[in-house]
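Colleague: If you're matching positions, the sequence shown starts at 5 in my numbering and goes up one per residue.
Every residue, glycine too, gets a C-beta built ideally from N, C-alpha and C.
If you're wondering where the values come from, they're calculated on a predicted model, not measured in any experiment.
Take this structure, written in structure tokens, and hold onto it; I'll ask about it next.
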Amino acid sequence: MNAELLSILRCPETRQMLVLAETAVVERLNAQVAAGTLRNAAGQPVTAKLDGGLLRADGKALYPVRNNVPVLLVDEAIVLA
């Protein structure tokens, strides 16, 4: 992802900075997608594999990246903590 774009993106809920999620985090979440156990903040099952993720500064939420496009919708966030 473009570093300049990443520097201006913020969490739509808390306005915290976002950073690229590590590959291990994305792989762990994709394993949960494959198992059918991952849910988003709205409680809906996540059925599409993540290409990446933007992690909120406090580490409590991740916004999915699909086809190199960040999905910055509060309901689509994946709660991590």
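Can you find the residues in the same chain that come closer than 6 Å, C-beta to C-beta, to A81, ignoring five residues on each side of it along the sequence?
Modeller: Result list for A81: A45, A65, Y67, in chain order.
Colleague: With a Cβ-Cβ cutoff of 7 Å, do D55 and V78 count as a contact?
Modeller: Taking 7 Å as the Cβ cut-off, D55 and V78 do not qualify as a contacting pair.
Colleague: Within 10 Å of its beta-carbon, does P16 have 16 or more other beta-carbons around it, so buried, or fewer, so exposed?
Modeller: So P16 ends up on the exposed side.
Colleague: Would a C-beta distance cut-off of 7 Å place A61 and M21 closer than the cut-off?
Modeller: Going by C-beta atoms, A61 is nearer than 7 Å to M21.
Colleague: Out of P74, V37, N34, point me to the one whose CA is closest to L9's CA.
Modeller: Looking at the Cα atoms, P74 is the closest of the given residues.
Colleague: Is L59 closer than 7 Å to A25 when the C-beta atoms are compared?
Modeller: In contact: A25 and L59 (Cβ atoms closer than 7 Å).
Colleague: Could you tell me the distance, in whole angstroms, from the CA atom of G57 to the CA atom of G47?
Modeller: If you take the alpha carbons of G57 and G47, they lie about 18 Å apart.
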